[in-house]
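In our numbering, the protein residues as written are 19 to 682.
So this is what it looks like as structure tokens:
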């Protein structure tokens, strides 16, 4: 008999048996599904930390009805009182069956006790008491050798009198704990076309490469190929890739550097774990009006464990992009970008984005395209005012805590794939359209499920005839809520009356002033929110306010932190300069501000005096374009100027990329 037939007969017989097994007596096909298991069996608990957060992932089996809860309490070790955090999020997404989440806003280098209590009404429970220390802030070696470096091609002993001549000579002698002071000058790339840092430091004994302070230190393209390297105070001028990686370097610190004219400025192309990237100024080579998707400020390239904080980023496509998990992104000032402010795209669990200011992104503010895991935390960010959406919700989106954000877009804050909000917890946000347009625009409709928590948000659709489009169109919030059940405690707000500053004169890429969209007394967004443990317990008044800023609270800091007590900045526009300033010192509340400025020859404008102490911005108008104005800000106490800062700014009616604002 043909061998193929010998094989075929058993296969046919098996097919017939399987087919008959799927037929009922009535001749109908019956597909046997996996049995539903509602009780929960906990798996192995995982936790990890940054300097400010503790993250958890607790996989389970069962719980097909998604009603398992894990409550979270924490306290500093030795404290008497437990604090409540938000419960872990139930995540059934992209192959995961878990409970995951974070404790937020912790102190660096501090030991905490944490209680996790898992319970399922269908059966299954577990309680864990953990002791976990947050990561300490990186510190320079205490007893490290001080070595000196000047530009050159070899030689030297590293003393101040006989410094190493060039980085190759310095690296040949480098040991963990060494602090290399780079003296002023230009340090070129080596034969490889890069400056490669390839000598490892160790935990607590990084190898530090720091500007000596005697003038500008300029570096060509850099490659980090070693663990525990620290770069500080250096200027990076490579036009393509300014800083890249090799072999997944660990524990690297990139602090107070300046990156200019770069396309990929900080790019972890060959990995990197547990980096600290803080207080850098990054100015790329991208025209913000171009709409290009190429060129990144800080591309984490699907890596984990990082702290990316207090950076100033502009003229790139995306400000910060591609975290994987356990990444904190906060305090960054991102503006004039051709694509999105922050791209969390492809991130997994415990991506945390809080307290950032994103101004003038051409496409979107914060991107979720897609999520590969959950949850993410997006808290107290100010986004203003992209041409597309405040949030880019495309492809897969799942559990997100979206809380206390001020989300402003030019024509509708959320106009694309808005139904994906149904997987999120959105509370205490302000959704604002500059033009008259839907607050939420969703042509496909969609209904709430076990994940949905959309409530206590504020909306402004201006004078548009419809407030919401959710399959059908609704002229007001009451009609939307009645039809969908969403936002039962949501409110309508009026941007023209609610904000102390709301200054968006033109759509991107036109310049817009830096500003804090704080709430004006009497705004109905004050005390209109819901309490969220570990997020807003420090509210003032009867309840938390909506949006990024609690009325009466201290303003957050964006961008590089400075030891300078007073920092004045200016943004040019047509016959206009938008001023804002930051105070890093304590002054009496009786202090006032004085602004004086000079421009074209002739009579100087009269000084602006007596501005209230709480003022942090001022607009100068009726100026002459293409003329440099020298502007001085004084803090005045009892008639005496106690703090001063001066800048030079040139107003212009076209969007150009010259140094239009300089510090004197």
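C-beta: ideal position from N, C-alpha, C; glycine also.
Just so we're clear, the structure is a prediction, and the values are computed from it rather than from any experiment.
If you pair each beta-carbon of the region 105–115 with each one of the region 399–410, do three or more pairs fall below 8 Å? In this structure the region 105–115 does not touch the region 399–410; the number of beta carbon pairs closer than 8 Å is below three.
Would DSSP call residue 614 helix, strand or coil? Residue state, collapsed to three classes: strand.
Check whether the Cβ atoms of residue 487 and residue 447 sit closer than 8 Å, and answer yes or no. No, the pair does not count as a contact, with Cβ atoms beyond the cut-off.
DSSP beta-bridge partners for residue 575? Paired residue(s): none; residue 575 is not in a bridge.
Just to check my reading of the structure: residue 134 and residue 88 have Cβ atoms closer than 8 Å, yes? What is that Cβ distance to the nearest angstrom? Right, their Cβ atoms sit about 6 Å apart.
Assigned secondary structure, residue 559 (DSSP; H/G/I helix, E/B strand, else coil): Residue 559 falls in the coil class under three-state DSSP.
Beta-carbon proximity list for residue 374, same chain, < 8 Å, skipping 5 on both sides: Correct list, in chain order: 347, 348, 349, 350, 351, 352, 359, 360, 399, 400 and 576.
At the level of alpha carbons, what is the spacing between residue 536 and residue 483? Between the C-alpha atoms of residue 536 and residue 483 there is a straight-line separation of about 27 Å.
Other residues of its chain near residue 429: CB distance less than 6 Å, five sequence neighbours each side excluded: Closer than 6 Å at the Cβ level, and outside the excluded window around residue 429, lie 453 and 455.
Residue span of the alpha helix (DSSP H) that contains residue 497, given as start and end: Unbroken alpha helix (DSSP H) run through residue 497: 495–502.
DSSP bridge partner residues for residue 280 (one or two, in chain order): According to DSSP, residue 280 bridges with 302.
Excluding sequence positions up to five away, which residues of its chain have a Cβ less than 7 Å from the Cβ of residue 415? Contacts found: 386, 388, 389, 438 and 441.
So with Cβ pairs under 8 Å, would you call residue 572 a contact of chain D? Absent here is chain D; the protein component of the structure consists of one chain.
N-terminal and C-terminal residue of the alpha helix (DSSP H) that residue 569 is part of: First-last for residue 569: undefined, no H or E at that position.
Check the C-beta distance from residue 367 over to residue 393 and give it rounded, since I have them as a contact under 8 Å. Sure, about 7 Å apart at Cβ, within 8 Å.
If the criterion is Cβ atoms closer than 8 Å, does the pair residue 3 and residue 172 meet it? Residue 3 cannot be examined here, being either before or after the span of the chain that is shown, 19 to 682.
Around the Cβ of residue 209, are there at least 16 other Cβ atoms within 10 angstroms (buried) or fewer (exposed)? Around the beta carbon of residue 209, fewer than 16 other beta carbons lie within 10 angstroms, which makes this residue exposed.
According to DSSP, is residue 297 part of a helix, a strand, or is it coil? Reduced to three states, the DSSP call for residue 297 is coil.
Going straight from the alpha carbon of residue 514 to that of residue 501, what length do you get? Cα-Cα distance, rounded: 29 Å.
Residue 241: buried (16+ other C-beta within 10 angstroms of its C-beta) or exposed? Buried.
Could you tell me the boundaries of the alpha helix (DSSP H) in which residue 185 lies? Segment 185–190, the alpha helix (DSSP H) holding residue 185.
In whole angstroms, give me the CA-to-CA distance for residue 505 and residue 588. Cα to Cα, the separation comes out at about 39 Å.
Residue 163 burial status per 10 Å Cβ neighbour count (16 or more: buried): That one is exposed.
Does DSSP put residue 437 in a helix, in a strand, or in coil? Helix.
Buried or exposed: which applies to residue 120, given that a residue is buried once 16 or more other Cβ atoms fall within 10 Å of its Cβ? Around the beta carbon of residue 120, 16 or more other beta carbons lie within 10 angstroms, which makes this residue buried.
Whose C-alpha, out of 295, 71, 55 and 263, is nearest the C-alpha of residue 78? Checked all of 295, 71, 55 and 263; the closest Cα to residue 78 is 55.
Can you list, in chain order, the residues of its chain whose CB lies under 8 Å from that of residue 662, leaving out five sequence neighbours each side? The answer, listed in chain order, is 584, 650, 651, 652 and 653.
Who pairs with residue 6 in a beta bridge, going by DSSP? In the structure as shown, the chain starts at 19 and stops at 682, and residue 6 therefore has no counterpart that could be examined.
Checking the sheet assignment: what are the DSSP bridge partners for residue 491? As computed with DSSP, residue 491 is found in a beta bridge with 487.
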